[in-house]
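Quick note: our numbering has the sequence shown finishing at residue 553, numbered continuously throughout.
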Amino acid sequence: MTPLYARRRTALAAATAVVAGALLTTGLATGTATAGSAPAGTPALGGAPVLLSAAARTSLIQEQQATAADTAEAIGLGAREKLIVKDVVRDVDGTVHTRYERTYAGLPVLGGDLVVHQPEGGARTVTKAVRTAVAVPSVTPKVGAAKAEAQALAAAGKAGAERAEAGSAPRRVIWAAEGTPVLAYETVVGGLQEDGTPNELHVITDATTGEKLHEWQAVHTGTGRSLYSGTVTLGTYKSGSTYQLYDTARGGHKTYNLARSTSGTGTLFTDADDTWGTGTASSSSSDQTAAVDAAYGAQITWDFYKNTFGRNGIRNDGKAAYSRVHYGSNYVNAFWQDSCFCMTYGDGTGNVNPLTSLDVAGHEMSHGVTSVTAGLRYSGESGGLNEATSDIFGTGAEFYAANSADAGDYLIGEKIDINGDGSPLRYMDKPSKDGASRDYWSSNLGSVDVHYSSGPANHFFFLLSEGSGARTVNGVSYNSPTYDGSTVTGIGRAKALQIWYKALTTYFTSTTNYKAARTGTLSAASALYGSGSAEYKAVEAAWKAVNVS
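So, in structure tokens, the structure goes:
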């Protein structure tokens with residue numbers, strides 16, 4: 005789970021890790037690919053993804069899973085290793101990109117994810133999270149699970165936990181994300197943080213020595229009359245004489261009222277006349293206005309992904325997540341959770357500043373897209389790239405909406421006034437303007453909070469889209485510098501979005517760092533526009549301008 009911005013100390017409790025998302029299996033179905041409407045900035049070459057129907061995607065996943073053993077052998081995996089299909093993308097030119105999770109002796113391999121690229125009639129290539137061969141002397145632990153659990157709770161306490169309760173036993177895994185692969189335990193520490201944000205802290209413990217190897221956070225923080233987007237049209241459903249905030253045209257998205265609770269699904273919003281909200285903030289826990297903004301944000305995000313990239317929902321399976329509003333009291337954050345596949349919004353200071361603006365909605369739901377594609381681990385440089393991906397696509401969704409009440413810009417959270425002075429949460433043209441984010445890559449970037457190490461990637465995206473120097477877009481003035489004083493000419497936001505999306509879905513892995521992100525976006529630009537294209541050269545120039553070369 006990932007909140008919108010950095011959190012403080014936490015009250016925590018231990019829980020068992022969930023395996024389902026990593027070990028995706030599907031049944032056989034038949035269907036055909038559908039092209040969908042042409043997205044803005046459609047690439048001229050054949051590297052663009054095809055919009056697959058849910059049935060066609062399921063069939064392709066099943067087809068790839070049926071040949072997974074042969075694929076494992078062909079790419080040189082060991083006899084004890086198996087591949088499980090996580091996702092599949094088919095390009096216009098027929099190339100199939102299959103994303104796999106890996107097991108060793110039946111245990112999940114963290115850092116074992118890889119993508120196999122298979123052109124029609126061409127040679128197979130592989131992108132791996134790590135290149136180290138996976139092998140361990142034994143899968144029998146020398147350290148008991150209880151010790152691993154105690155260590156995880158201690159780590160939670162060190163991070164600021166006021167209390168911690170033991171939950172289910174940790175799971176055995178192979179930790180291969182860093183250094184030599186080892187047998188390990190993964191313990192997930194749950195509960196609530198000090199500010200009320202749910203917590204899912206993953207702690208990795210060496211099952212032979214008892215040493216703590218790594219930890220990361222999995223919680224990602226960040227006709228209705230809306231608070232931020234004016235009067236909008238909503239997808240609703242009439243049940244008997246009552247209308248529900250239930251969008252059947254977009255995978256069945258529903259918006260629920262938590263009514264100040266911090267657990268459960270809540271109550272589905274209903275209305276007698278299908279006119280929702282007042283357009284003004286209210287401290288009432290039953291206020292519909294926050295729900296209007298949340299439902300509208302989910303609607304725009306769905307349409308943005310479908311019409312821009314040919315993606316059919318967050319999981320690309322035609323099924324929607326759901327949204328919850330009025331979380332807690334005076335809760336100043338918003339977050340995405342994979343475990344419930346849901347989006348949750350607090351009401352902000354005084355319960356009258358809900359964090360339901362359009363770019364926040366797009367940001368948080370994009371964490372879900374990252375989770376089911378590259379799975380960028382939420383720590384170090386990969387965590388910064390995870391956050392930047394959400395800022396990039398949240399910005400893309402805001403521009404896509406073309407809503408005059410909340411015009412597209414390269415500012416993050418400018419509507420929610422989280423700082424109390426009218427300033428945005430983050431700036432893409434010059435990230436350091438927020439007082440903490442980094443403008444450029446440096447060797448210590450991985451030690452910075454992920455909300456601030458996202459800066460160089462956000463800066464890269466602005467430079468690639470708009471270029472360096474002073475300019476005005478939709479009435480907002482920007483002035484983007486470069487590390488080396490170079491001048492960068494932008495290729496336009498539409499093409500920059502296509503390049504980042506293709507890199508995320510076909511070239512990034514769980515351990516991608518900034519250097520690998522440069523390689524991945526260059527591969528994406530080459531596939532979409534050609535290796536000698538102006539777009540490819542612009543990607544090179546924009547990375548160099550943020551000190552990644």
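Every residue, glycine too, gets a C-beta built ideally from N, C-alpha and C.
Shown here, residue 292 sits in coil according to DSSP, grouped into three states, outside any helix or strand.
At the C-beta level, residue 473 and residue 483 come within 8 Å of one another.
Taking a cut-off of 8 Å on C-beta distances, the stretch 322-337 does not touch the stretch 402-409, as fewer than three cross pairs fall below it.
The DSSP assignment places 257-261 as complete runs of the beta strand (DSSP E) inside the stretch 256-311, in order along the chain (cut-off: 3 residues). Short of 8 Å from the beta carbon of residue 538, and not among the five residues preceding or following it, lie these beta carbons of its own chain, in chain order: 495. A Cβ-Cβ separation of about 6 Å places residue 370 in contact with residue 393 under the 8 Å criterion. Residue 149 is a Cβ neighbour of residue 189, given a cutoff of 8 Å. Annotated as proximal: residue 255 and residue 317, with beta-carbon spacing under 8 Å. Counting only unbroken stretches of 3 or more residues, the beta strand (DSSP E) elements lying wholly within the stretch 105-130 are 111-114, 118-122, in sequence order. Residue 549 sits away from residue 540, with the two beta carbons spaced by 8 Å or more.
When DSSP reads this structure, residue 326 sits in a beta bridge with 346. Distance from residue 128 to residue 78 at the Cβ level is roughly 7 Å; contact confirmed, criterion being Cβ atoms closer than 8 Å. Counting only residues of its own chain and dropping the five nearest sequence neighbours on each side, residue 507 has a CB closer than 6 Å to the CB of 524, 525, 528. Per DSSP, the continuous alpha helix (DSSP H) segment holding residue 520 begins and ends at 518-533. Going by beta carbons, residue 111 and residue 178 fall inside the 8 Å limit.
Contact between the stretch 82-99 and the stretch 130-146 is present: three or more C-beta pairs spanning the two stretches fall below 8 Å. Comparing alpha-carbon positions, the option among 206, 492, 532 lying closest to residue 502 turns out to be 532. Per DSSP, residue 504 is one residue of the alpha helix (DSSP H) stretching across 497-510.
By the CB criterion at 8 Å, residue 264 and residue 286 fall outside the cutoff. A residue is called buried once 16 or more other Cβ atoms fall within 10 Å of its Cβ, and residue 243, having fewer, is exposed. Residue range 362-376 is occupied by the alpha helix (DSSP H) that includes residue 363. Collapsing the DSSP output to three states places residue 182 in coil.
Cβ neighbours of residue 388 within its own chain (closer than 6 Å, five residues either side excluded): 454, 457, 458. The C-alpha of residue 156 is placed about 9 Å away from the C-alpha of residue 219. Under DSSP, residue 483 takes part in a beta bridge, and its partners are 474. Listed in chain order, the non-local C-beta contacts of residue 504 below 6 Å within the same chain comprise 396, local neighbours out to five positions each way being set aside.
The three-state reading of DSSP puts residue 396 in helix, counting H, G and I together.
By the neighbour-count criterion, in which a residue is buried when 16 or more other Cβ atoms sit within 10 angstroms of its Cβ, residue 479 is exposed. Residues of the same chain with a CB within less than 7 Å of the CB of residue 68, apart from the 5 flanking positions on each side, are 89, 92, 102 in chain order. Here the alpha carbons of residue 144 and residue 399 stand approximately 48 Å from one another.
In the displayed model, residue 208 falls within a strand according to three-state DSSP. Residue pairing by DSSP puts residue 95 in a beta bridge opposite 53. Residue 177 is bridged by DSSP to 188.
Scanning its chain for C-beta atoms nearer than 6 Å, with the 5 sequence neighbours on each side dropped, one finds no residue around residue 544.
Per DSSP, reduced to three states, the secondary structure at residue 416 is strand. In the three-state reduction of the DSSP assignment, residue 385 falls in the helix class, which pools H, G and I.
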